[in-house]
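Chains as they are written, first to last, in my numbering: chain F, 15 to 533; chain H, 607 to 689.
Glycine included, every Cβ here is placed at the ideal spot set by N, Cα and C.
First up is the structure itself, then whatever we jot down about it.
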Amino acid sequence: MSKKFFDYYSRFAQETPDKVVLRIDDNELTYSQFMEKTAVLGSALKKMGIGEDDKVGICMPNSIEWYLVFWSAVRIGAQPVPMDPQSGSMEISKLIPATTSKVMFITEKYRNNNIIAAVSALVPSQIALSKVICFADDSVIPQDSCYISADKFMAEYGSSECDIYDPEYLHTMSLACTSGSTGTPKILSVPSGGFLSTQEDMGTYLEFRSDDVMMLGMTLYHQGGFGMGQQMVLKGGTVMYQPQFNPITFLETVQKYKINIIQLTSTLAKVLLSTPDFDKYDLSSVRICYFAGEVLPKEIADTFVEKLHIRVVNVIGSSETCTMVVWDSARDAGTDPSDFRKLSFTDVRVIDEKHNDVPEGEVGELCVYTDGVITDYFGNPELSAEKILTDDQGRRWFCTGDLVNKLPNGIVRFAGRSKRIIKRGGNLVHAEEVEACLLTHPLIAAAAVTDEPHPVIGQQIVAYIQPKGDARITRGDIAKYFDGKLSAYKVPDKVVPVEEIPKDIGKIQFKYLRKKEYK
Amino acid sequence: MNNLNFDEFKQAISDYVGVAPEEITRDTDVYDDLFLDSLGLFGLGSEITETFKLNVPLSLVASISKVGEIFDLLNEKGTLTED
Chain F
15 MSKKFFDYYS
25 RFAQETPDKV
35 VLRIDDNELT
45 YSQFMEKTAV
55 LGSALKKMGI
65 GEDDKVGICM
75 PNSIEWYLVF
85 WSAVRIGAQP
95 VPMDPQSGSM
105 EISKLIPATT
115 SKVMFITEKY
125 RNNNIIAAVS
135 ALVPSQIALS
145 KVICFADDSV
155 IPQDSCYISA
165 DKFMAEYGSS
175 ECDIYDPEYL
185 HTMSLACTSG
195 STGTPKILSV
205 PSGGFLSTQE
215 DMGTYLEFRS
225 DDVMMLGMTL
235 YHQGGFGMGQ
245 QMVLKGGTVM
255 YQPQFNPITF
265 LETVQKYKIN
275 IIQLTSTLAK
285 VLLSTPDFDK
295 YDLSSVRICY
305 FAGEVLPKEI
315 ADTFVEKLHI
325 RVVNVIGSSE
335 TCTMVVWDSA
345 RDAGTDPSDF
355 RKLSFTDVRV
365 IDEKHNDVPE
375 GEVGELCVYT
385 DGVITDYFGN
395 PELSAEKILT
405 DDQGRRWFCT
415 GDLVNKLPNG
425 IVRFAGRSKR
435 IIKRGGNLVH
445 AEEVEACLLT
455 HPLIAAAAVT
465 DEPHPVIGQQ
475 IVAYIQPKGD
485 ARITRGDIAK
495 YFDGKLSAYK
505 VPDKVVPVEE
515 IPKDIGKIQF
525 KYLRKKEYK
Chain H
607 MNNLNFDEFK
617 QAISDYVGVA
627 PEEITRDTDV
637 YDDLFLDSLG
647 LFGLGSEITE
657 TFKLNVPLSL
667 VASISKVGEI
677 FDLLNEKGTL
687 TED
């Protein structure tokens, strides 16, 4: 048996029972409440027949309930499967079977995405689930017997006693979902022991303390946002998330709760810095600003380091690696935040297509070792073999798909992505997935999706479409068509009609596309 | 006040989001009716500030969701860009 998260939660619940572990707006969860409530929800799941290695889908926005569902599943050895609450029916129809989820926890909606509608369009008519547990008012819960309100579920099945599962080191703690290039999701098997030790090591490296409060801009349902929060929780501190990002509230919260660590993406930082009277907010409690998910421009890093005197840490990696190759202003000040170095508990290789190390000065694919590298892509041995390499010491390395330049002194400089991935804000969008959805539109003959630089969100999605006949299609038409099918962040920002999509032996010729625009 | 014309403003939004101007009113919600997400709203914000040569803080754009509110924000708080 290995160390587990519940050893830490139990200890903190005894030592500091009233300490807040999670705060979202005005809702708080203390360490002792965490232990009590995960017992009720965990025992309810158990009584319903959910146990070791069963998959528990969660399609909910940031909330105390999200956190309790996740950890209740872990408590009984089941595997929580967070899904993006922006997911539409097209995504959910793939996620449930691909993850083999037995039950799902959902809320009524997230922003303009009606989650209950998206799920009830599929369950039970097309997909069978034992139960769909809804954190929603009875009036909006479907009448079918597989739907139940969370209150009723806990009252009917829950009790205050629930054993804590002891995982093996490589036991899958949870499944994390990311988009696959063809619309088939990639499902990450997150290892219990490695995920814990890597997050704990990172929290130690960052000198997180039990009296610290951390405010995250990324979300709980994003593996990175969740993991970075756990680095603080493993030290007994407090984490805070917002139901959805609001820059003014973010700054007011930092001031009100004297936040010590803030976690942002570059886009969120640009928005925060644009706030009128930004200088008037008291941010003196902030010690570290922790960036992930996007390229960090030097000007932004400099603003935080030089103007606000805050240590900036920028990480590169992916959900598959628990991140952990960093640029740290405390060590690397004066260099570009796209120059990364390994930490004591991580390792880096820069490899060519044959997996050989490239010489210094050349560009190759970034390959990262951490103990938290996923054990496999669930249900996809071919992809696992392609992306996860095991060395002669049995260490798992992940080929990130990031292209980097191998510089002297162990530095790697980010140089781009090796695949057609659009980095829109903190979201990764596979061009092929958007193309696949466009091609199901009855008036589109051909489509090609690419990125375009954008001053605020980094890259925006541009869809070149070749309409059938004389059809006229606007971005609005596409957005309406995508609504409920794919997440809102995958809707093209720009739609450009073209006479034809130039192709060469089936491959889109992007360099000729713009010439084909209708004038 | 920048004395912007709402019809011209509507047209600029329509050009960006691809929804017909007659479908856009002050009460149109950018998330529910124009199918933008929060990043798309920043994209729209950048586009209209460029069209009207006015700057508004992105953080204020991020806090609202109705077309009428964006129009008022641009009209009341927009400052002329340098070029």
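Along chain F, which residues have their Cβ under 7 Å away from the Cβ of residue i?
i	result
H/Ala668	Asn260, Pro261, Val285
H/Leu680	The contacting residues do not exist; H/Leu680 stays about 14 Å from chain F at best.
H/Leu664	Lys284, Val285, Ser288, Val470
H/Gly674	Within 7 Å Cβ-Cβ: nothing; H/Gly674 doesn't reach chain F, min ~18 Å.
First and last residue of the beta strand (DSSP E) that includes residue i?
i	result
F/Lys69	69 to 73
F/Cys303	302 to 305
F/Gly56	Careful: F/Gly56 lies outside any beta strand (DSSP E), inside the alpha helix (DSSP H) at 45 to 61.
F/Ser115	115 to 121
F/Asp416	410 to 420
F/Lys508	508 to 511
F/Pro94	93 to 96
F/Arg427	426 to 431
F/Ile130	Where F/Ile130 is concerned, there is no enclosing beta strand (DSSP E), although the alpha helix (DSSP H) it sits in stretches over 129 to 134.
F/Asp342	339 to 342
Counting only Cβ pairs nearer than 7 Å, list the residues of chain H close to residue i.
i	result
F/Asp497	Phe641
F/Lys494	Phe641
F/Asp491	Gly624
By the DSSP assignment, the alpha helix (DSSP H) with residue i in it spans what residues?
i	result
F/Lys368	No alpha helix (DSSP H) contains F/Lys368, which DSSP labels as neither H nor E.
F/Ala150	No alpha helix (DSSP H) holds F/Ala150; DSSP gives it neither H nor E.
F/Gly217	206 to 219
Helix, strand or coil: how does DSSP classify residue i here?
i	result
H/Asn661	strand
F/Arg25	helix
H/Asn611	coil
F/Leu457	coil
H/Thr687	coil
F/Asn76	coil
F/Ala485	coil
F/Pro467	strand
F/Val88	helix
H/Ile626	Note on residue identity: the sequence assigns Ala, not Ile, to residue 626 of chain H. Three-state result, H/Ala626: coil.
F/Tyr183	coil
H/Gly646	helix
F/Lys533	Confidence is the limiting factor: at F/Lys533 the pLDDT is only 45, short of 50, which leaves the residue's position unreliable and the question unanswerable from this model.
Grab me the residues of residue i's own chain with a C-beta within less than 7 Å of its C-beta, minus the 5 sequence neighbours each way, in chain order.
i	result
H/Thr685	Leu660, Asn661
F/Tyr124	Pro75, Pro99, Gln100
F/Asp366	Val372, Gly378
F/Ser16	Pro181, Glu182, Tyr183, Ser206, Gly207
F/Lys533	Note that F/Lys533 scores a pLDDT of 45, beneath 50, so its modelled location is shaky; the value from the coordinates is reported in the next line. Excluding sequence neighbours, F/Lys533 sits near nothing in its chain.
F/Ala445	Arg434, Ile436, Val463, Thr464
F/Leu248	Tyr22, Gln213, Glu214, Gly217
F/Gly440	Met232, Thr279, Thr281, Gly307, Glu308
F/Leu453	Ala461
Can you find the residues in the same chain that come closer than 6 Å, C-beta to C-beta, to residue i, ignoring five residues on each side of it along the sequence?
i	result
F/Ala87	Val70, Pro94
H/Val636	Leu642, Leu647, Ser671
F/Glu449	Ala461, Val463
F/Ala493	Val505
F/Ser144	Lys116, Val117
F/Met242	Gln277
So which residues on chain H does residue i lean against when the C-beta distance must stay under 9 Å?
i	result
F/Val505	Phe641, Leu642, Asp643, Gly646
F/Ala462	Simply none; closest approach about 18 Å.
F/Gln474	Leu645, Gly646, Gly649
Can you list the residues of chain F that residue i reaches, using a CB-CB cut of under 9 Å?
i	result
H/Asp638	Arg125, Asn126
Note down, in chain order, every chain F residue with its Cβ under 8 Å from the Cβ of residue i.
i	result
H/Leu660	Near H/Leu660 there are no residues of chain F at all, since even the closest Cβ is about 14 Å away, more than 8 Å.
H/Gly684	Chain F residues near H/Gly684: none, gap ~12 Å exceeds 8 Å.
Going along chain H, which residues have a C-beta under 8 Å from residue i?
i	result
F/Ala502	Tyr637, Phe641, Leu642, Asp643, Gly646
F/Thr218	None at all; the shortest Cβ gap to chain H is about 34 Å.
F/Arg438	Leu645
F/Thr281	Leu645, Phe648
Grab me the residues of residue i's own chain with a C-beta within less than 8 Å of its C-beta, minus the 5 sequence neighbours each way, in chain order.
i	result
H/Pro663	Lys683
F/Glu175	Ala53, Ser57
Legend entry - Inter-stretch contact at 8 Å, needing at least 3 Cβ pairs: the segment 247 to 260 of chain F / the segment 309 to 321 of chain F: no
Legend entry - the segment 450 to 466 of chain F in contact with the segment 475 to 483 of chain F per 3-pair CB rule at 8 Å: yes
Inset, instruction - Determine, using beta-carbon pairs with one atom in the segment 354 to 365 of chain F and one in the segment 168 to 177 of chain F, whether at least three such pairs fall under 8 Å. - result: no
Legend entry - Cβ contact (3+ pairs, closer than 8 Å) linking the segment 330 to 344 of chain F and the segment 263 to 271 of chain F: no
Legend entry - contact_flag[the segment 379 to 386 of chain F, the segment 415 to 429 of chain F] where n(CB pairs < 8 Å) is 3 or more: yes
Inset, instruction - Assess, as a yes-or-no matter, whether the segment 271 to 291 of chain F is touched by the segment 228 to 239 of chain F under the definition of 3 or more beta carbon pairs within less than 8 Å. - result: yes
Legend entry - the segment 323 to 332 of chain F contacting the segment 341 to 355 of chain F, beta-carbon criterion three pairs below 8 Å: yes
Legend entry - Three or more C-beta pairs below 8 Å linking the segment 26 to 43 of chain F and the segment 147 to 165 of chain F: no
Inset, instruction - Give a yes or no on contact between the segment 126 to 146 of chain F and the segment 103 to 111 of chain F, applying the rule of three or more CB pairs nearer than 8 Å. - result: yes
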